[in-house]
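Novice: Just passing along the structure, written as structure tokens.
Protein chains: 2
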Amino acid sequence: MKYLGIDIGGMSVKCGVVEDGVILHKKAAPIRPREDAEVIVSDIAALVFDTLEECGTDRREIAGIGVGCPGSVDDDTGFVRYCCNVNFVNTPLAEMLAELTGIESVRVSNDANCAALGETLYGAGEGARNSVLITLGTGVGTGIVVNGRLLTGNRSAGAEGGHITIAMDGELCGCGKRGHYEAYASATALMKQTKAACEKHPNSGLAKYAAENGIDGKTVFICAKNGDKVAIETLNHYIEYVGCGLVTYANIFYPEVIIIGGGVSNAGDALIVPLEKYVTENVFGAQYNPKIKVVAATLKNDAGILGAAALCLDGR
Amino acid sequence: MKYLGIDIGGMSVKCGVVEDGVILHKKAAPIRPREDAEVIVSDIAALVFDTLEECGTDRREIAGIGVGCPGSVDDDTGFVRYCCNVNFVNTPLAEMLAELTGIESVRVSNDANCAALGETLYGAGEGARNSVLITLGTGVGTGIVVNGRLLTGNRSAGAEGGHITIAMDGELCGCGKRGHYEAYASATALMKQTKAACEKHPNSGLAKYAAENGIDGKTVFICAKNGDKVAIETLNHYIEYVGCGLVTYANIFYPEVIIIGGGVSNAGDALIVPLEKYVTENVFGAQYNPKIKVVAATLKNDAGILGAAALCLDGR
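The listed protein sequences correspond, in order, to chains A and B.
The numbering of the first sequence is the numbering used here, which starts it at 1 and goes up by one.
The numbering of the second sequence is the numbering used here, which starts it at 1001 and goes up by one.
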């Protein structure tokens, strides 16, 4: 069976023809995010037809369309409630796209959820039934797969996993509450921690490197690799913060695999190896249960298309 | 369709004939928890036949047996890996019970999971599709229902929800790690907090009441109701600890309802009303989403039988 996976971004939309977890052909097109929803959806429908034509696939071969969209999506109805980057407000996206394409079965979910489903089934998760994807970027996002299906919560309002509390009354989070995971584990938080370490230890290798090159999410990894003690200490704290949240997820879900995505995951083994060690040492009942793997996301930009297409498979 | 629900405890086992979420007849019998597993299971099978006979139900009318068992259970295979209170070690409980009763379909899960399923479908959850049951007792237990099915994790090792971290490097938990929810929200923790408040404020009404009556999970509720300021302050802190964990669960699962069970839940509205307020004020995206209800468990001892019987319904 062939499916279409559509990944909507703030500037462009990607569409792929997917069969058995493989993208046969994909195509991207710019969107006009501030136009009326009707215009945006008709641009997407045009991309669908272009992609099918280039791929030499007839519309009637497509068993369903899956769409990943940023913002708040009601998975059950295919409505997009609101979306910061694209002008969708209570937009019946599934219905509109079905009408314009003539393909009846259209499923919509949040784009981060789709990426988690794609990585779990076809990427770093290697077909796991249960997984947690943690995205360490500007914020912290989560996508959770339980028995092969996305966990979305009532009216798809759940999986806001950057906003679990790991330190009551702790650091202020972007959402206005204190002590949330995102305030400790995001790339933004790592940069703050790096800046604080530089100020506290102005003569450290870290501070000197930062003065010359500025601070980003890689700074502490580069300086730790060069053996700077302050950088190593800062990184160890960061690993504990990230690990603390992973253990909470592990104790609730006991997934086969935890997948780390987002910009920070580009650090590779310097991040992944100590995180897996932390989880193994701290998860409840580790001595009786299979080890939980911690791995970096692998699919990059294709995760969204593959996961969106896989929405059509989950049998709801 | 009629099902049997079996609830195994450390001293006795209960069996009920269940139809449409109603217990038609139930019966209890002592068990010999230190005998060989064969003896224990044959006692349970004898209880099954006694219950059926008293109920006037033929064995062939029973579509399946569900069993709630303490300890570590593999839901997929019906094996009990280990159990503190009953002498089951890698015991193929489902298989043994099917053989002895002649009823082929036997499902087994952890007893706390069964209670959560029972409360969700037939008790305080009023048929919710998504719920979280938090048991505030000696420890903190959790049972989580997602789309009408129990969340158990890979090899049923998940849902260890008392061991999520709410305060990194905080209070020592019974499991040996620091900062876990159980170390702040259990009845045991509440009694510790009450004791500490009495020691800090020896002239308070709370301290005087405790000196006369001793300390248990009700002490602080009784004295707060009487208007003692130290008791009110202690209770408010406890509500924040419990609430903090509830919000973490709310942000991950966004359930329709959070159900509070265990001894502490007997405090009723003095606990439940401020907890619901805390969740409403702190859950992510509350302004866009339906309010999450917080309610006390209602089924008490029948939750286990009803939930065990419901294991047969969840279609795995």
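Glycine included, C-beta positions come from ideal geometry on N, C-alpha and C.
Computed from a predicted structure; not experimentally measured.
Mind pulling the chain B residues with CB within less than 7 Å of Glu256/A?
Specialist: By Cβ distance, chain B contributes Asn1154.
Novice: From the beta carbon of Cys244/A, is the nearest beta carbon of chain D less than 7 Å away?
Specialist: Protein chains A and B are contained in the structure displayed, whereas chain D is not.
Novice: Please compile the residues from chain A whose C-beta is within a distance smaller than 7 Å of the C-beta of Arg966/B.
Specialist: The shown model of chain B, from 1001 to 1316, leaves out residue 966/B, and the question about it has no answer.
Novice: Alpha carbon to alpha carbon, what distance is there between Glu276/A and Cys244/A?
Specialist: Going from the Cα of Cys244/A to the Cα of Glu276/A covers about 11 Å.
Novice: Can you name, in chain order, every residue of its own chain whose Cβ lies under 6 Å from the Cβ of Lys293/A, other than the five neighbours on each side?
Specialist: Result list for Lys293/A: Val257, in chain order.
Novice: List the whole-angstrom C-beta distance separating Thr1142/B from Gly1161/B, where the pair is believed to meet the contact cut-off of C-beta under 8 Å.
Specialist: Yes, Thr1142/B and Gly1161/B are in contact; Cβ-Cβ is about 3 Å, under 8 Å.
Novice: Quick check: the Cα distance between Ala1187/B and Lys177/A, rounded to an integer number of angstroms?
Specialist: The straight-line gap from Cα to Cα measures roughly 27 Å.
Novice: Which residues in the same chain have their Cβ closer than 7 Å to the Cβ of Leu100/A, if we skip the five residues on either side of it in sequence?
Specialist: Hits under 7 Å: Val41, Ser42 and Ala45.
Novice: In chain A, which residues lie less than 8 Å from Glu1160/B when you measure between Cβ atoms?
Specialist: What Glu1160/B touches in chain A: Asn251, Ile252, Tyr254, Phe284 and Gly285.
Novice: Look at the alpha carbon of Val80/A and the alpha carbon of Val89/A, and state the distance between them as a whole number of angstroms.
Specialist: Cα to Cα, Val80/A sits roughly 6 Å from Val89/A.
Novice: Can you confirm whether Asn213/A, when its beta carbon is compared against all beta carbons of chain B, has any partner nearer than 7 Å?
Specialist: It does not; no Cβ of chain B falls within 7 Å.
Novice: Identify the continuous beta strand (DSSP E) that holds Thr138/A and give its terminal residues.
Specialist: Looking at the DSSP string, Thr138/A is not in any beta strand (DSSP E), and its letter there is neither H nor E.
Novice: What are the residues of the stretch 163 to 182 of chain A that lie near chain B, defined by any Cβ-Cβ distance shorter than 7 Å?
Specialist: Result list: His163, Ile164, Thr165, Ile166, Ala167, Met168, Cys175 and Lys177.
Novice: Less than 7 Å between CB atoms is the rule here; does Thr248/A satisfy it with respect to chain B?
Specialist: At least one chain B Cβ lies under 7 Å of Thr248/A.
Novice: Applying a beta-carbon distance threshold of less than 8 Å, which residues of chain A neighbour Leu1117/B?
Specialist: None at all; the shortest Cβ gap to chain A is about 15 Å.
Novice: Leaving out five residues before and five after Ala224/A in sequence, what residues of the same chain have Cβ atoms less than 6 Å from its Cβ?
Specialist: Once the five neighbours on either side are set aside, the close Cβ partners of Ala224/A are Ala231, Ile232 and Leu235.
Novice: When the cut-off is 7 Å and only beta carbons count, does Ala1189/B lie next to chain A?
Specialist: No, its Cβ sits nowhere closer than 7 Å to a Cβ of chain A.
Novice: Is the CB-CB distance between Tyr3/A and Cys312/A below 7 Å?
Specialist: Their beta carbons are under 7 Å apart, which means Tyr3/A touches Cys312/A by this criterion.
Novice: Do we get a CB-CB distance below 7 Å when we pair Asn87/A with the residues of chain B?
Specialist: Cβ-Cβ to chain B under 7 Å: no for Asn87/A.
Novice: Determine the chain A residues that contact Gly1130/B at a beta-carbon separation under 7 Å, and present them in chain order.
Specialist: Residue 1130/B is actually Asn in this sequence, not Gly. Per Cβ cutoff of 7 Å: Gly153 and Asn154.
Novice: Kindly list, in the order they appear in chain B, the residues whose Cβ is closer than 7 Å to that of Ala157/A.
Specialist: The answer, in chain order, is Tyr1254, Gly1285 and Asn1289.
Novice: Over what stretch of residues does the beta strand (DSSP E) that includes Ala1296/B continue unbroken?
Specialist: It spans Lys1293 to Ala1296 - the beta strand (DSSP E) in which Ala1296/B sits, taken as one unbroken run.
Novice: Residues in its own chain within less than 6 Å of Gly307/A by CB, not counting five upstream and five downstream?
Specialist: Cβ neighbours of Gly307/A beyond the five flanking positions: Cys114, Ala115, Leu117 and Gly118.
Novice: Provide the residue span of the beta strand (DSSP E) that contains Tyr82/A, from first to last.
Specialist: From DSSP, the beta strand (DSSP E) with Tyr82/A extends over Phe79 to Tyr82.
Novice: Just to confirm, is the Cβ distance from Val108/A to Ala94/A under 7 Å?
Specialist: Yes, the pair counts as a contact, with Cβ atoms nearer than the cut-off.
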